[in-house]
Each structure stands twice: as C-alpha cells, then as structure tokens.
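> Take this structure, written in structure tokens, and hold onto it; I'll ask about it next.
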Amino acid sequence: MTTESVWLPPRSLALLIEELAVLGSDPTPNAATSERIRELRTTLRQAEASVKPDDGLVEPGMRITAMLSGDTRATVFLLGERELVSLDPEVKVDVYSPSSPIGQAIIGTHVGDTVAYTTPTNVSIQIEILAAVPYTGGR
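When we follow full-length UniProt numbering, the leftmost residue of the sequence shown carries the number 1, and every step to the right adds one.
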C-alpha cells in the first residue's frame, strides 16, 4: 500500500511536530488526546514540506495564477491542504485543496494548459494556468 504525501509549509510542519511532542509528554492521555496523537503521527508520516521545483507543473506546494472563464482578473492561490497550510500564519494567499474539484482538475497540468471542471453546483468552468511557481511563503 502506498501512502500519498501531503504538502505543507515548513512552519506548519514544525507546529505539528511541536504539538505531538507536547501531547506525547502526557503519561496518561485521555481518549481525545490519544486520537489526536494518532492523527498527528499519520499526518507527519505523509508530510512533505519541501520547496517544489520551478518547472511549471501544477502540484501541491505551488502558487498558481489562473484565469477562470468569465473572470476579468486572474486568480492566485496556493494548492495545498487548507487545514494544514492555515497553521502557518505567514500564509497570506487563498488555499485550494488538491481534492477540491478545481484541485483535481489542475493537478498534473502545466503552465499554458486549459482544463474544465464542474463545480459542486454543477456549473462547468474552464481554467487556464497562467503561472505555477513554488510557494516560498507570504503572498
């Protein structure tokens, strides 16, 4: 069985490790704490906090600039797991999950590609990838 990695900013990774250390120091954890320890261990086993290569490939950990059909302005967002990325207070950009409809549609595409996806309200939207650069913090 292969486990898919989960990208998160290095600061978020450090905070999860710190939380695990604190919770793990309790000699008699209650059920909720034990469950959180299990969750943290699973997340940390899957964690990937590296800077992605600047090769134009759309993947988690990339800052994406895209034009959605019907928009007059480009949309900029980070592709990553929202609850994990949001642990880093330095992240000042919208975060779209790789498992969201838009995330699923664009993963594996490259700068210049146009793909379509269907929103949860059953609307079809085209998205053109204008830029995909490694996320290095901030905006």
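Glycine included, every Cβ here is placed at the ideal spot set by N, Cα and C.
Computed from a predicted structure; not experimentally measured.
Between P60 and the ligand NAP, is there a pair consisting of the residue's CB and a ligand heavy atom that are separated by less than 7 angstroms?
Absent from the structure shown: the ligand NAP. Ligands present: none.
> To the nearest angstrom, how far is it from the Cα of I125 to the Cα of A31?
Their backbone Cα atoms lie some 44 angstroms apart in a straight line.
> In its own chain, which residues sit with a C-beta less than 7 angstroms from the C-beta of R36, not counting the 5 before and 5 after it?
Same-chain partners within the cutoff: L23.
> According to DSSP, simplified to helix, strand and coil, what is L44?
Residue state, collapsed to three classes: helix.
> With a 10 Å radius around its C-beta and 16 neighbouring C-beta atoms as the bar for buried, classify V58 as buried or exposed.
Result: buried.
> Taking C-alpha atoms, which residue in E19, Q46, P9 lies nearest to T33?
Ranking E19, Q46, P9 by Cα distance to T33 puts E19 first.
> Measuring only the C-alpha atoms, how far is I17 from T136?
Between I17 and T136, the C-alpha separation is close to 20 angstroms.
> Any chance you could list the beta strand (DSSP E) runs of at least 3 consecutive residues sitting entirely within the segment 106 to 134, in chain order?
Counting whole runs of 3 or more residues, the segment 106 to 134 contains the beta strand (DSSP E) stretches 114 to 118, 124 to 134.
> Using CA coordinates, which residue listed in Y96, G108, S69, F77 is at the minimum distance from V123?
That would be S69, whose Cα lies nearest to the Cα of V123.
> Determine the direct distance from the alpha carbon of P98 to that of P120, and round the result to whole angstroms.
In a straight line, the C-alpha of P120 is about 15 angstroms away from that of P98.
> Give a yes or no on whether the C-beta atoms belonging to A49 and L13 are separated by under 8 angstroms.
Taking 8 angstroms as the Cβ cut-off, A49 and L13 qualify as a contacting pair.
> For chain C, is any of its Cβ atoms less than 8 angstroms away from the one on T65?
The chain inventory of the structure shown lacks chain C, comprising one protein chain alone.
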